[in-house]
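For the sequence shown, position 175 (counting from the first letter as 1) is numbered 175 according to the UniProt record's numbering, and the numbering increases by one without interruption. The beta carbon of each residue, even a glycine, is placed where N, CA and C say it ideally should be. Since the model is a prediction, treat every value here as computed from it, not as a measurement. Remarks on the structure that follows.
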Amino acid sequence: RSSRRPSHAKSKEPPTAQPEATWPPISFLFSINPLPVNEEPSNGGVAPRSDQHGRWLPPLYQAGFATQGAATLYRWQNGIITPAPGYQWYNGAWWWGNRAAATFYRANTMFYCNPFDHFLAAQGDVSMRDMATAPFPNDRWYTFNFHHDEYALSRLDLGGAEPYLAGNGPRFIEQLGIGSWRNPDTDAPISGGLAGNLALLIALIAFSCRSQNLDNVLRTSWQNYQWRGHNHGSGRRERRGMVVSIYLDPENPQYSTTQTISDLEWTGGSLLL
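Below, the structure written as structure tokens:
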């Protein structure tokens, strides 16, 4: 298969240290659905898959996944995360009362596989298709890479050109489980933080803790564009998977658009420092 990856063009504009505040500020909604696997063929599932070294890999077929767990809808607004009350999941969408459905922006699926491969991620909700027969780029699992900006800012992406973080010493690196992506150049500049694909970034934060601690971690550990850390145990367990979905905020139609969120990801400053 082709080694091409879905990618985003690198911004030619220098990022600011932090996205400039607007009023109302930029916002988006997101949900995190646990995605268990079904590896029991006798129960309609698919037998476990592994690489040549016997290390577990996530399924390629829809039948390999069990029913997704329920999700809470959250709002990110100018660096602060809060629950988004007043929304109900109905007919495949989050509805704000009976007024409007939140417009879908992006979803990614991520699994923690093992201490060697660490994370693998895919486009969209993989439980909705057979990846083995899907067209590119929906036909495979990816290790994530990065785009580098000149200010040592790393933009997380499935199709980044760089296999390592742009700078040295980010305080989030170990707790988010991305120590294997540490920059090997000891002379690299101090890290300018992390931005890029919001669904992947939120998934890394969710994997930093167990599901019962997730609400607290989201609300207190990632605030004002800073990683403040937490004292909870890691949630990185083999076969743990999740689907993170991003939506436009119907309560902020002027500043929550496809363009403003894309700019936040790919041309703005650090989202996590």
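Judged by their CB atoms, Phe28 and Tyr112 are not nearer to each other than the 8 Å cut-off. A residue is called buried when at least 16 other Cβ atoms come within 10 angstroms of its Cβ; Asp249 meets this threshold and is buried. According to the DSSP secondary-structure assignment, Phe111 is paired through a beta bridge with Leu120 and Gly241. For Phe28, the enclosing beta strand (DSSP E) stretches over residues Ser27 to Pro34. Bounds of the alpha helix (DSSP H) holding Asp263 are Thr258 to Trp266. Less than 8 Å divides the Cβ of Ile32 from the Cβ of Ala71. Rounded to whole angstroms, Ala102 and Thr186 show a C-alpha spacing of 45 Å.
Boundaries of the beta strand (DSSP E) around Ala93: Ala93 to Trp96. The DSSP-derived three-state label of Ser270 is coil.
If you compare the alpha carbons of Gly268, Arg210, Gln226 and Gly233 with that of Met242, the shortest gap goes to Arg210. Beta-bridge annotation (DSSP): Glu39 is not paired with any residue. The secondary-structure analysis by DSSP pairs Asn145 across a beta bridge with Asp157. When DSSP states are grouped into helix, strand and coil, Ile205 belongs to the helix group.
A straight line joining the alpha-carbon of Ser127 with that of Tyr151 spans about 38 Å. The continuous beta strand (DSSP E) containing Leu194 extends over residues Leu194 to Gly196. Here Arg240 has Tyr112 as same chain residues with Cβ atoms under 6 Å from its own Cβ, once five neighbours each way along the sequence are excluded.
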